[in-house]
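So for the sequence shown, our numbering puts the first residue at 122; every next one is plus one. Just below is one structure, and these are the notes that go with it.
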Amino acid sequence: MRHDHLITATQLSRDDIEAVLDRAAEIADDPPEREAVLGLLFFEPSTRTKMSFDAAMKRLGGTTVDMGSVDSSSVKKGETLADTVRVVEGYADALVLRHPSEGAAEMASRFVDVPLVNAGDGAGQHPSQTLLDLYTIRENAGLDDLTVGIVGDLKYGRTVHSLASALTNFDARQHFISPESLQLPRSVRFDLHQEGAQVREHTDLDGILPELDVLYVTRIQRERFPDENEYRQVAGQYRITPETLDAAKDDLVVMHPLPRVDEISSDVDDLPQATYFEQAHNGVPVRMALLDMLLENAEDGAGGVSS
Ligand code: NCD
């Protein structure tokens with residue numbers, strides 16, 4: 122299977138995922154040379170995703186051009202996304218786009234010939250985050266016979282939607298823990314069932330915690346709530362503390378895409394289960410591998426994340 126762009130994790134087969142993770146694992150020792158220019162188009166705040174794509178392109182020997190903030194760009198003058206990507210395509214060999222509207226990356230990709238990576242489209246998808254999440258899981262727990270708990274904002278959390286979809290490629294039982302109002306969107310649940318995923322949904326973490334190999338904690342996506350009162354009702358419901366972990370397996374892997382607000386107390390950070398900073402650092406080798414493969418395929422004129 123070949124891909125010109127990476128828009129959603131549903132595109133990714135097990136072979137695609139393993140090809141990226143394998144290349145990421147060896148890339149630090151033997152980095153390929155890619156003197157390419159990566160265009161960074163972030164219409165929403167970002168620290169990790171933008172900086173790790175930037176670092177990844179530079180470590181490959183390339184460079185980046187950055188639109189900067191929406192306020193300092195021509196978006197302020199009313200330029201459409203389609204026009205912006207068509208222009209920046211002329212300055213770059215690949216594009217990374219984050220945008221508040223679901224579907225924005227898919228729409229933008231139809232206007233460009235260079236590879237485009239969706240770095241988050243509203244409450245939709247965030248597939249490159251999923252690749253680094255899977256890399257982290259593979260390093261710390263393996264990807265076979267796995268029980269994963271995903272807790273927090275399952276409705277608006279795009280990292281959740283992408284991860285859940287990608288995990289259907291592996292022998293993974295998935296437990297989703299959230300307040301009723303933040304359960305998985307119906308479309309995501311439907312896709313998981315179509316894939317035959319082993320899925321259960323809970324409102325309570327305590328009951329399932331002892332079974333988990335991986336606990337993936339997420340931030341309540343405050344910026345996506347239509348009403349601040351609704352946010353306040355659900356904020357702070359599943360706070361992970363050292364005491365919470367007493368009931369878990371000793372080798373539980375605690376992950377979080379970050380930024381965290383108060384979902385994991387800072388005194389968890391020094392415990393061996395805390396894997397979220399390692400996870401964030403894995404963004405660089407994984408995105409190096411992803412960019413290398415997308416650029417290689419674009420050069421060959423065939424397109425593709427896979428072999
Ligand atoms: C996530 C995102 O932007 O979706 N952050 C990230 O890319 N690591 C998660 C979040 O913002 O809560």
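Cβ coordinates follow ideal geometry from the N, Cα and C atoms, glycine included.
At a Cβ-Cβ threshold of 8 Å, LEU127 and VAL238 count as neighbours. When distances are taken from the beta-carbon of PRO380 to the heavy atoms of the ligand NCD, the shortest one is below 7 Å. GLU322 is bridged by DSSP to PHE297. Scanning GLN342, GLU384, LEU216 for the CA closest to the CA of ALA203 turns up LEU216.
Here ASN350 is exposed, its C-beta having fewer than 16 other C-beta atoms within 10 Å. Of the heavy atoms belonging to the ligand NCD, none sits nearer than 7 Å to the Cβ of GLN358.
Annotation: LEU161 to SER190 spans about 10 Å, alpha carbon to alpha carbon.
An exposed status is given to SER387, since fewer than 16 other beta-carbon atoms sit within 10 Å of its beta-carbon. The alpha-carbon separation between GLY404 and LEU252 amounts to approximately 8 Å. For ARG169, the distance from the CB to the nearest heavy atom of the ligand NCD is below 7 Å.
The Cβ atoms of GLU210 and VAL186 lie no closer than 8 Å to each other.
When the alpha-carbon of VAL141 is set against those of LYS171, ARG169, PRO248, the nearest one is in PRO248. Remark: the shortest separation between the CB of GLN342 and any heavy atom of the ligand NCD falls under 7 Å.
Counting along the chain, THR251 sits inside the alpha helix (DSSP H) bounded by residues 248-261. Straight through space, the alpha carbons of GLU156 and ASP372 are spaced by roughly 41 Å.
With a threshold of 16 other beta carbon atoms within 10 Å, PRO393 falls short and is exposed. Taking the Cα positions, GLY182 is about 30 Å away from LEU284.
At the C-beta level, THR339 and VAL272 come within 8 Å of one another. Within the same chain, TYR352 come within 6 Å of PHE346 by CB-CB distance, once the 5 residues on both sides are set aside.
Secondary-structure assignment with DSSP links TYR337 through a beta bridge to ILE271, MET376. In the three-state scheme derived from DSSP, where H, G and I count as helix and E and B as strand, GLY160 is classed as strand. Taking VAL206 as reference, the option from ILE138, PHE163, ALA410 with the minimal CA-CA separation is PHE163.
Shown here, THR185 sits in a strand according to DSSP, grouped into three states.
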